[in-house]
Amino acid sequence: MTLYNIHINGLTRTIECEPERLLIDVLREDLRLTGTKKGCGIGSCGSCTVLIDGKPRRACRVKMIDIYPSPSLPLQRGGRGSDSRFTIHDPRITTIEGLSIDGKLHPIQQAFIDCGAIQCGFCTPGMVLTAKALLDESPNPTRDEIKKALAGNLCRCTGYQQIFEAVEAAAKIVNRKP
Amino acid sequence: MKRVDAIEKVTGRALYADDMRFDRMCHAAPLHSAHPHAVIRSIDTKAARAMPGVIDIITGCDVPGTKQVGGIIADQYVIATDRVRYCGDVVAMVAAESADIARRAARLIEVDYKPLPPLLSTEEALAPDAAILHEGRKDNVISSFRVRRGDIKRGYKASRIILDARFQTSFVEHAYLEPESCIAAPEQGRAVTVYGGMQHPFSTRRVAAAAAGLPLSFVRIVQTTLGGGFGGKDDTISVVCARAAILATRLGRPVKITYTREESIRESYKRHPFELAYKAGIGADGRFRAMEVDITADSGPYCSMSPFVIWRPTVQCTGPYAVPNVRCDTKAVCTNNTFTGAMRGFGSPQHVFACESFIDVCAERAGLDPWEFRRRNFFRQGTKTHTGQKLIGHKVAIAQVAERALKELGWKKKWALCSRGKVRNDGTYYGVGFACSYRGVSLGAEGNDFCSSIVNIQPDGSALLEVGVSENGQGLKTAMVAILAGELGMNPDRIRFVDTDTSSVPDGGPTVASRGTLVGGNAVIDAADKIKRIMRPALRELIGPSRKGYLFKAGRIRNPENRKSVAFEDAVAACHRSRIYPYALGVWKGPRVSWDEDTGQGDAYFTYVYGCQACELTVHAKTGKVRVSRVVAVHEVGKAVNPQMAIGQVFGGIAMGLGFALMEEIRHNDGMIENLNLNTYRIPRSIDVPEMTAILVENPDPVGPWGAKSLGEPTNELMGAAVANAVYCATGKRFTKAPITADQILGDIHG
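If you want it as structure tokens, here you go:
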């Protein structure tokens with residue numbers, strides 16, 4: 228077992244687990260962040276997409292050791308609850324729970340609602356996070372770029388078109404901000 | 014109005030069954046059959062029980078109630094006892110402290126099977142010497158229907174052309190993104206509550222109560238947020254919930270079962286593969302004189318919803334065309350492949366693929382273009398269908414939707430540009446195609462149409478709303494809230510939709526057959542009418558008597574006779590003060606429908622919807638890859654309660670239809686599914702979908718709530734044939750097996 232201090236959604240959380248434990252189990256079971264969904268367990272559906280340092284990753288394919296390769300790093304030094312030192316790399320994880328700030332929806336979330344991009348909702352967290360990574364990198368994507376960025380996120384309900392429209396609408400709002 | 018469940022879904026707060034956790038909860042996992050057909054001689058669980066963390070293992074003999082269950086015929090074991098009939102049959106359930114331990118322990122269970130020869134096709138199952146899969150039956154035909162109308166021989170005699178064609182479709186997976194999941198929690202006083210993601214909590218309750226040997230009142234099913242259904246979250250999730258309920262009652266602990274994707278695909282039912290034979294006679298005027306249709310469906314080992322799945326194509330076998338002489342025979346046949354049941358359309362995507370491909374073949378042989386041939390044969394107002402039903406009481410809108418779709422696509426010009434087997438300079442073939450359908454609304458004469466709702470107005474004027482049909486992700490809650498808000502003039506934000514709880518609202522029948530809005534909406538309207546009647550004495554006191562009734566609008570209630578009004582909240586408060594409770598049970602019963610089993614004659618459905626989808630595509634000559642670039646869909650819906658959500662249904666139906674048309678096929682090898690996860694069973698991705706245009710045509714129906722009819726399924730039944738017809742116009746080759754894969758196309762172009 229290893230102690231990890233995880234920087235997640237702007238907070239630091241401490242958990243103890245095997246380095247081989249999958250991030251999705253850490254999120255859903257240990258941290259009870261159940262907004263990250265498990266649809267296939269092999270990285271094919273994208274429902275478990277989270278952002279690690281802003282990049283979309285499949286939480287069902289990422290082990291703790293992949294995020295924290297060196298056991299000496301964000302390992303706690305003084306036992307539970309004490310300060311830890313993140314000296315070299317300190318990955319930031321964002322899940323769907325961390326996207327809205329102070330109860331205010333992120334523009335992408337609002338656009339998903341406004342454009343009718345949500346049906347059963349199971350793919351929605353992964354879709355929204357993938358869209359965020361895209362807009363952070365390329366604030367004015369074309370329809371084709373949006374399609375490509377979302378190609379790893381399956382949706383069985385919407386036929387995707389209203390999702391594309393939501394990402395385009397969100398891009399407009401994000402770009403309007405100073 | 015925006016979705017009422019949108020914020021929780023977009024923030025990750027919506028609770029799906031697997032997101033829930035209970036104190037003292039344990040986990041259970043299944044052991045599936047290793048054979049498609051075998052006798053179970055014995056099961057040894059000793060080694061599995063010895064694994065640390067294992068709590069309990071149950072087999073078929075531990076099922077305390079009914080051993081076999083099923084929506085129509087009780088032929089599926091809750092847990093197999095003496096015999097397995099497909100590789101998805103469950104032979105044991107292991108309960109453990111973690112799901113991982115349960116799965117590892119399941120692998121240690123030793124089952125001694127005596128394999129039996131499996132029936133792996135309907136042809137084998139129909140052979141005269143075939144083994145009978147279920148004792149007590151005379152053959153393997155689990156359900157059959159027929160239509161006899163007019164005189165086929167005379168029809169052929171009056172024909173100038175007689176032609177026939179055969180078509181085939183494949184096993185298709187629902188691929189809801191949320192695998193089956195539920196938690197059963199024991200309650201005080203012998204009761205058990207099961208929280209789960211199912212389409213129809215009431216059928217789950219019937220199955221779970223029967224299997225657990227409990228009265229219905231002692232089993233409570235609460236629907237959690239459903240991560241997709243499409244017809245697939247009924248039989249299988251019901252049995253999964255039953256197993257959880259049995260374990261929870263035995264152990265006195267909450268039990269969670271969450272399937273992996275592989276377990277889900279292995280055990281859950283699929284879309285029936287169909288074999289269809291069409292034959293028709295066409296007169297010199299380009300009009301049908303006769304049609305014969307034979308359909309054989311592979312039901313797998315269990316009945317499930319097979320009768321519904323083959324009955325609908327029986328009723329709709331001619332497509333929206335007038336044919337005076339018709340013979341139709343349909344049957345569902347038991348095999349040892351994975352069992353099949355309801356999936357978006359109830360057999361219609363399979364049948365429309367064949368029928369509308371055949372119509373294009375007929376048009377060409379008759380020397381007419383696909384539009385002109387259809388136009389001559391379309392149903393008109395008052396046409397008698399082949400079941401003898403006169404199409405009246407609603408607008409027969411098939412020509413209206415088809416004309417609109419072709420105009421929007423620019424079909425005439427594009428039809429002239431089709432490659433017809435000649436490769437273009439860019440190495441592709443180009444084609445356009447379309448398909449038309451009509452569709453009976455709701456369950457029809459094979460079912461029983463009804464629904465209920467409860468409206469409970471609280472002292473502050475806010476409302477609790479329950480409906481006997483359920484949210485499947487399609488937006489049912491939002492539509493029901495909108496209808497209640499409209500009827501009572503309330504602000505929708507003041508209405509709380511309570512997720513279906515079987516211990517509260519009466520059964521509303523299954524949320525299938527595109528019936529949710531229609532039946533639920535009508536039940537809500539009935540409850541709202543009753544609320545208005547209940548409030549009448551209080552209103553008389555507050556704003557005077559009115560013979561014309563009172564108007565509920567924009568938060569106020571008006572007396573049209575004296576123009577006095579009162580705020581809705583104040584009127585409700587006055588009711589509560591005088592112990593008049595604005596609480597009502599709304600009930601809706603469907604209009605009369607009829608069906609004669611011998612002749613297949615009757616008014617099969619009380620109303621119909623009409624649709625047309627047209628597409629434009631290219632076929633890459635070297636790779637055989639089809640790229641659909643544009644789809645126009647026109648659907649007559651009666652009335653769209655929420656146009657944005659209705660359009661979402663259309664886009665979703667098109668995408669799923671494209672999967673059916675071009676890529677989706679569950680492959681069995683000796684009865685075992687080969688593609689058990691989403692890397693090998695591919696569904697359309699964002700980069701696979703075309704630019705889509707959805708047009709809703711509204712002809713309000715007298716039966717529907719605010720005139721609304723159906724939409725979810727008709728959107729899913731047209732792409733198969735539209736694509737097949739476009740591929741034909743592109744390559745000059747007619748493909749009769751769905752999906753039309755690149756391999757199939759390459760084989761034919763170069764072979």
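Note that the protein sequences, when read in sequence, are chains H and X. In terms of our numbering, the first sequence is residues 228 to 405. In terms of our numbering, the second sequence is residues 14 to 764. Positions of the beta carbon are idealized from the N, C-alpha and C atoms, including for glycine. All figures in this text were calculated on a predicted structure; none of them were measured in a lab.
Apply the 10 Å Cβ neighbour rule to Cys74/X and answer buried if 16 or more other Cβ atoms are within range, or exposed otherwise.
exposed
Are the Cβ atoms of Arg173/X and Ala297/X separated by less than 8 Å?
It is a contact, given that the beta carbons lie within the stated cut-off.
Under 8 Å between C-beta atoms, does Ala378/H make it to chain X?
yes
Could you tell me whether the Cβ atoms of Gln389/H and Gly25/X are closer together than 8 Å?
no
Residues of chain X with a CB under 9 Å from the CB of Glu243/H: which are they?
The premise fails here: Glu243/H is roughly 16 Å from chain X at the closest Cβ pair, so nothing lies under 9 Å.
According to DSSP, simplified to helix, strand and coil, what is Asp293/H?
Here Asp293/H sits in helix by DSSP.
For Arg285/H, does the three-state DSSP call read helix, strand or coil?
Of the three classes helix, strand and coil, the one that applies to Arg285/H here is strand, per DSSP.
Let me know if Arg37/X comes out buried or exposed under the rule of 16 or more other beta-carbons within 10 Å of its beta-carbon.
exposed
Distance check for Tyr272/X and Leu302/H, CA to CA, integer angstroms please.
With a pLDDT of only 47 at Leu302/H, under 50, the local geometry of the prediction cannot be trusted, and the value read off the model is given with reservation. In a straight line, the C-alpha of Leu302/H is about 34 Å away from that of Tyr272/X.
I'd like the span of the alpha helix (DSSP H) that includes Tyr741/X, first residue to last.
Met732 to Thr744
If you compare alpha carbons, which of Phe447/X, Tyr334/X, Ala415/X and Asn461/X is closest to Thr398/X?
Tyr334/X
Under 8 Å between C-beta atoms, does Asp32/X make it to chain H?
yes
Taking 8 Å as the threshold (C-beta atoms), are Gly237/H and Leu190/X in contact?
no
Is the number of C-beta pairs between the region 545 to 553 of chain X and the region 485 to 498 of chain X that are closer than 8 Å three or more?
no
CB-CB under 6 Å to Ile235/H, same chain, minus the five flanking residues each way: which ones, in chain order?
Hits under 6 Å: Ile320.
Can you give the Cα-Cα distance for Ile259/X and Ser157/X, rounded to whole angstroms?
35 Å
Closer than 8 Å is the cut-off here; do at least three beta carbon pairs connect the region 385 to 396 of chain X with the region 345 to 357 of chain X?
no
Residues in its own chain within less than 6 Å of Glu678/X by CB, not counting five upstream and five downstream?
Ser183 and Pro752
Should Asn402/H and Pro368/H be called a contact, given that it needs their Cβ atoms to be closer than 8 Å?
no
Could you give the residue range of the alpha helix (DSSP H) that holds Val253/H?
Segment: none, Val253/H is in no alpha helix (DSSP H) and carries neither H nor E.
Could you name each continuous alpha helix (DSSP H) segment of 4 residues or more that falls completely within the region 24 to 81 of chain X, going from the start of the chain to the end?
59 to 62
Can Val600/X and Ser517/X be called in contact, C-beta distance under 8 Å?
no
Would Met732/X and Ala659/X qualify as a contact pair, given that the criterion is a beta-carbon distance under 8 Å?
no
Quick one: grab the DSSP three-state call for Lys545/X.
In the structure shown, Lys545/X sits in a helix (DSSP, three-state: H, G or I).
Chain H beta carbons: is any one of them nearer than 8 Å to that of Ser134/X?
no
Using only alpha-carbon positions, find the residue among Met228/H, Lys282/H, Pro246/H and Gly268/H that is nearest to Leu691/X.
Gly268/H
Beta-carbon of Gln657/X versus every beta-carbon of chain H: anything under 8 Å?
yes
Tell me, please, whether the CB atom of Gly240/X is closer than 8 Å to any CB atom in chain H?
yes
Specify, as a first and last residue, the run of the alpha helix (DSSP H) that Cys341/X falls within.
Element bounds for Cys341/X: not the alpha helix (DSSP H) but the beta strand (DSSP E), Asn338 to Val346.
Ignore the nearest five residues each way along the sequence and tell me which others in Thr513/X's own chain have a CB closer than 6 Å to its CB.
Pro214, Gln236 and Ser483
What separation, rounded to the nearest whole angstrom, lies between the Cα atoms of Lys269/X and Lys545/X?
44 Å
Can you tell me the Cα-Cα spacing of Gln212/X and Val232/X, whole angstroms?
Roughly 17 Å separates the two Cα atoms.
Restricting to Cα atoms, I'd like to know which of Ala627/X, Lys652/X, Val654/X and Arg387/X is closest to Arg643/X.
Ala627/X
Considering only residues of the same chain and omitting the five flanking positions on each side of Pro362/X, which have a CB-CB separation below 7 Å?
Non-local C-beta neighbours of Pro362/X in its own chain, meaning closer than 7 Å and more than five positions away in sequence, comprise Gly670, Phe673, Asn729, Glu730 and Gly733, ordered along the chain.
Helix, strand or coil, according to DSSP, for Gly423/X in the structure here?
coil
Considering only DSSP beta bridges, list what Leu238/H is partnered with.
Bridge partners of Leu238/H: Ile235/H.
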